[in-house]
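Residue numbers (my numbering): 1 to 250.
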């Protein structure tokens, strides 16, 4: 079973553009550091990706996480065998009214393309016209869902109140993890809710302009210069050095 409660520090990171972003040397350095320190350093993937993708990448050179919060916060599983964290998934299930009404509303949208692969309690699309997407977001939100648009292409229909940040906080409460032990990392608007938790955060150097603007007022977010893995590594080392002082973002 997952033993995050025994870790001194936990990196809760987005994947695409963040943990998986940057050059090969930066990724090798970050992944090697994590593997060398797994006795005290925990790893959580907080991603829009599905479990099949995560299984594939961790079969190669990417470290296996202790926990996965996948599908934009709508799936929560243990990292070693992808068994559900039942208490947290029960909470998500209680908020998910099903996809039928949202699908019926979106089926004739001309500039919305349903993604071929996604999991969890969500619907996922690519949008090709921001005005239409914004109009549909309002309509779907009025139906009782949350809609998350990010990276100028992704349109996710989610349970009301469920995104990466709220699910991470719910998971932390389940495992009794203190706020001070967590570092979140991300690069696009679907990571905004991670930074809005108030947890120490690192926004990597290649972050989406809309995310930079959205979190510019948050004092808990450090904007690294390095892209992808280099930025995550920078933020992680910064977190380690300041862990006892509580002076991470400055």
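Ideal placement from N, C-alpha and C gives every residue a C-beta, glycine not left out.
Note that the structure is predicted; figures quoted are calculated from it, not measured.
Quiz item: Just the Cα atoms here: how many angstroms apart are residue 250 and residue 180?
Solution: With a pLDDT of 41 at residue 250, under the threshold of 50, the modelled position of that residue is not reliable, and the figure given next carries that caveat. Taking the straight line from one Cα to the other gives about 16 Å.
- With a CB to CB cut of under 8 Å and the five nearest residues on each side skipped, what residues in its chain are close to residue 143? 101, 102 and 105
Handout entry: Cβ pair residue 69, residue 169 closer than 8 Å
Key = no
query: Helix or strand or just coil, what does DSSP make of residue 250?
result: Per-residue confidence for residue 250 stands at a pLDDT of 41, beneath the threshold of 50, marking its modelled position as unreliable; the derived number appears in the next sentence. Note: residue 250 maps to coil in three-state DSSP.
What residue ranges within the region 209 to 240 form continuous beta strand (DSSP E) runs of no fewer than 3 residues, ordered along the chain? 221 to 223
Using the DSSP secondary-structure output, state which residues sit across from residue 166 in a beta bridge.
Beta-bridge pairing links residue 166 to no other residue.
Name the residue from 11, 76, 172 and 138 whose alpha carbon lies nearest to the alpha carbon of residue 40.
11
Across which residues does DSSP place residue 200 in a beta bridge pair? 183
- prompt: Buried or exposed: residue 83, going by 16 or more other Cβ atoms within 10 Å of its Cβ?
  reply: exposed
Here's a check: name, in chain order, each residue in its chain whose Cβ is nearer than 8 Å to the Cβ of residue 123, leaving out the five neighbours to either side. 99, 102, 103, 106, 114, 156 and 157
So residue 124 is in the beta strand (DSSP E); what residue range does that whole segment cover?
123 to 127
**Message:** Tell me the DSSP secondary structure of residue 43 in three-state form.
**Reply:** strand
**Item:** Beta-bridge pairing of residue 13 - partner residues as DSSP gives them
**Value:** 45 and 185
query: In chain order, what residues of the same chain lie with their CB nearer than 7 Å to the CB of residue 54, ignoring the 5 residues before and after it?
result: 45, 68 and 70
Does the beta-carbon distance from residue 73 to residue 202 come in below 8 Å?
-> no
Practice item. May I ask which residues mark the beginning and end of the alpha helix (DSSP H) holding residue 195? Key: 192 to 195
For residue 89, which residues of its own chain have a beta-carbon under 7 Å away from its beta-carbon, when the five flanking residues on both sides are left out?
76
Candidates 174, 214 and 22: which alpha carbon is nearest residue 190's?
214
- Have a look at residue 130 and residue 37 and give me their C-alpha separation to the nearest angstrom. 43 Å
Point to revise | Sub-8 Å separation of residue 177 and residue 4 beta-carbons | key: yes
Report the partner residues of residue 172 according to the DSSP bridge assignment. For residue 172, which the question treats as bridged, DSSP gives no partner whatsoever.
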